[in-house]
Amino acid sequence: MSSVKVELHQKDVDKIKAIAKEHHNEPEELINVLHATQEFFGYLPAEVQEIVGEEMNVSAAKVFGVVTFYSFFTMTPMGRYPISICTGTACYVRGAETVLDEFKRQLNVEVGVTTEDGKFSINCLRCVGACGLAPVVMVGDKTYGRVSPDGVKDIIDEYKDAE
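In the numbering used here, the protein residues as written are 22 to 184.
Structure follows, in structure tokens:
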């Protein structure tokens, strides 16, 4: 966990509180609130988790436990175009590791790291439920199936100059 303190603007705090309120501040809605908050904020640093906990009447430890348990949540900023390579069994058997290695090589970053320009970050996930399309890569919400190392450059190029 990073020791850098995140400075939240009042509008960010108000938005987080509004998200919790949309879910009636009910503790059993914690995961849904965290999903919506991460969608808004981009990630879930400790300062954001504290506000969610206060609004949901849940301890900071419980919020942290949920955030660290589920791989969907992240406590570090993601790139504008987060790349997720499925490493579930079907994808792995069909070459996901070589696809992952090619993304790392072309972007010159490791898993969990964002490129210097802030455009891309690479992560692995377990299964996206598209095993028939293995190996699968997601960029944001867009899914690419049957990706080979040769197709990695085309995927990156699709987003490289986009704004």
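Built from N, CA and C at the ideal position, the CB exists for glycine as well.
### Closest residue to P103 among F93, C112 and G109 (Cα-Cα distance)
Out of F93, C112 and G109, the CA that lies nearest to the CA of P103 is found in F93.
### Task
For N144, write down the residues that DSSP places opposite it in a beta bridge.
S105
### Query
Contact check, I143 vs K125 under 8 Å by CB: the rounded distance?
6 Å
### Query
Within 10 angstroms of its Cβ, does S105 collect 16 or more other Cβ (buried), or is it exposed?
buried
### Sub-8 Å separation of T119 and L128 beta-carbons
no
#### Entry: Residue from I40, P98 and A82 with nearest C-alpha to E71
A82
### Task
Compare the Cα-Cα distances from N46 to each of E75, V132, T108 and G100 and report the closest residue.
E75
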